[in-house]
Amino acid sequence: MKDVKIEFRKPIYPIGKSLEDYLEKHNRTTHIQICYEDLLRFSGYTSLLDKDGKDTYWLDVFYPEFEYLEIEASLNKIYTLLHSDGDEETLPFLKVDSIHFCSFGNSKPFRIRVRNILNDNYTNFYIKKADASRIYGLEFEDIFSPNRINFLVFKDTLIEEHILGIPGDVFITSYLSRCTELEKAQIAKEFVKFNERCMIGLLGDMRSYNYVVIPIHDFDQVVFRIRAIDFDQQSYEGQLKIYVPQYFKENIEMVELVNKKLKPNSVEQYRKEVRSAIAKRVLTSNQRYKDLIEIMKMDNISSPEKISELAISLQKLTYNTHFKKCKNMGEILETGINFIIKNYQHSQIKK
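Taken in order, the sequence shown gives residues 2 to 352; the numbers are from my numbering.
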């Protein structure tokens, strides 16, 4: 399988006034006392290694004591805003256990671990530089997929909840071989569905470390779900294959599993299920999807060359001539969703 390459780092696109108003309307904004840039002023760090002694690309950062007390108070407040109603009564029982910084990838996030000292339970969340592309990805994931996303925005700072699950690369390396044959067939089915959702939603770069596998116990069996955790490459690249997880070499074991466990007619059945589910979600999302796609159509989140390349590829794939009229990524995504909805409604009439 020929690997897909992403040649250049994607630029960060600022949040425009229309998108900011949309986020305010849907309770995605907040007012906090600390921003992403404030966390960059750490005074030192140590490298974090995994249990096998390998570099994780995360740094354990630390700050001068007089600054850390103020930072910790602000981070604890963010925790209450993200996971409750901002109730300050819990603040005395919260402690920031660690602040980790990742220098790898586009978003260069900080990972914050907050612990409740009453029961030693802890929760992670992330603070990143806000990027319009990523926010569109988060919102469309919330609309198109069965997964809910919790995040907050303040000016140029993005706060995201941690998504629980086993990182895809870890699952493939350490867990996949221990699954039963029935579980492997179920994982293959989920990868097909995940693959289709990413392509329809134009969510790119779903290499194995950018999604998680979630085992769920259901009566006498374990079922698996696959969920994206990285949304940087939303509607940016021009190469269609970047939006299709099966083309990344990191996912070759998943692709082989699909080929081994599923027949072509089963694969097509699961793809149809995803398209129908997305059509239903969009049709029942009321004004939210329409508001967001109209804002995206007025936004600049890619280059003219990439937009043209992707539009041509999708026209060849679907034989839908409307793609060649698209002038931006918002129009491309809307055309694809309209195409899916039209086919779904046509199939309902035939029934």
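Cβ atoms here follow ideal geometry from the backbone N, Cα and C, with glycine treated the same way.
> So, are the CB atoms of M255 and F324 less than 8 angstroms apart?
Replying inline: no
> In chain order, what residues of the same chain lie with their CB nearer than 8 angstroms to the CB of C199, ignoring the 5 residues before and after it?
Replying inline: G205, M207, A229, Y244, V245, P246
>> Is it the case that the segment 150–160 contacts the segment 208–224, given that we only count it when at least three CB pairs across the two stretches are under 8 angstroms?
In response: The segment 208–224 is not in contact with the segment 150–160.
> On the three-state DSSP scale, how would you describe F63?
Replying inline: The answer is strand: DSSP assigns F63 an E or B state.
> What separation, rounded to the nearest whole angstrom, lies between the Cα atoms of H163 and P110?
Replying inline: 12 angstroms
> N118: buried (16+ other C-beta within 10 angstroms of its C-beta) or exposed?
Replying inline: Before going on, a small fix: residue 118 reads as Ile here, not Asn. With fewer than 16 other Cβ atoms within 10 Å, it is exposed.
> Based on Cα-Cα distance, which residue from S178, G87, A312 lies nearest to E335?
Replying inline: A312
> Opposite F152 in the DSSP bridges: which residues?
Replying inline: E161
> Does the Cβ-Cβ distance between Y64 and N301 come in under 8 angstroms?
Replying inline: Judged by their CB atoms, Y64 and N301 are not nearer to each other than the 8 angstroms cut-off.
> How long is the line joining the alpha carbons of Y320 and K326, rounded to whole angstroms?
Replying inline: 13 angstroms
> By Cβ distance, which residues of its chain are closer than 8 angstroms to Y46, with the 5 residues on each side in sequence left out?
Replying inline: L60, D61, V62, F63, F102
> How about R112 and Y127: do their beta carbons lie closer than 8 angstroms?
Replying inline: yes
> Hey, how far is the Cα of G337 from the Cα of I100?
Replying inline: 40 angstroms
> Where does P147 fall in DSSP's three states?
Replying inline: coil
>> Once DSSP output is grouped into helix, strand and coil, what is the label at N117?
In response: strand
> What do you reckon, are the CB atoms on Y137 and G169 nearer than 8 angstroms?
Replying inline: In this structure, G169 does not lie closer than 8 angstroms to Y137 by Cβ.
> Can you name the residues that DSSP bridges to P168?
Replying inline: V213
> What residues are listed by DSSP as bridge partners for I33?
Replying inline: DSSP, once it has assigned bridges, lists no residue as partnering I33.
> What's the C-alpha gap between D121 and S348?
Replying inline: Between the alpha carbons of D121 and S348 lies a distance of about 52 angstroms.
>> In the DSSP assignment, the alpha helix (DSSP H) including S85 goes from what residue to what residue?
In response: From DSSP, S85 is part of no alpha helix (DSSP H); its letter is neither H nor E.
>> I need the straight-line Cα distance from S108 to I350, nearest angstrom please.
In response: 45 angstroms
> With 16 other CB atoms within 10 Å as the buried threshold, where does K11 fall?
Replying inline: buried
> What distance in whole Å lies between the Cβ atoms of K281 and G331, which are believed to be in contact at a cut-off of 8 angstroms?
Replying inline: Incorrect: roughly 22 angstroms between the Cβ atoms, too far for contact.
> Cβ of D4 within 8 angstroms of Cβ of K250?
Replying inline: Yes.
> Do you know whose CA, among V259, E140, E68, lies nearest F195's CA?
Replying inline: Nearest option by C-alpha distance: V259.
>> Please classify Q270 as buried or exposed, where buried requires at least 16 other C-beta atoms within 10 Å of its C-beta.
In response: Exposed, because fewer than 16 other Cβ atoms sit within 10 Å of the Cβ of Q270.
> Short check: CB of F145 to CB of I279, under 8 angstroms?
Replying inline: yes
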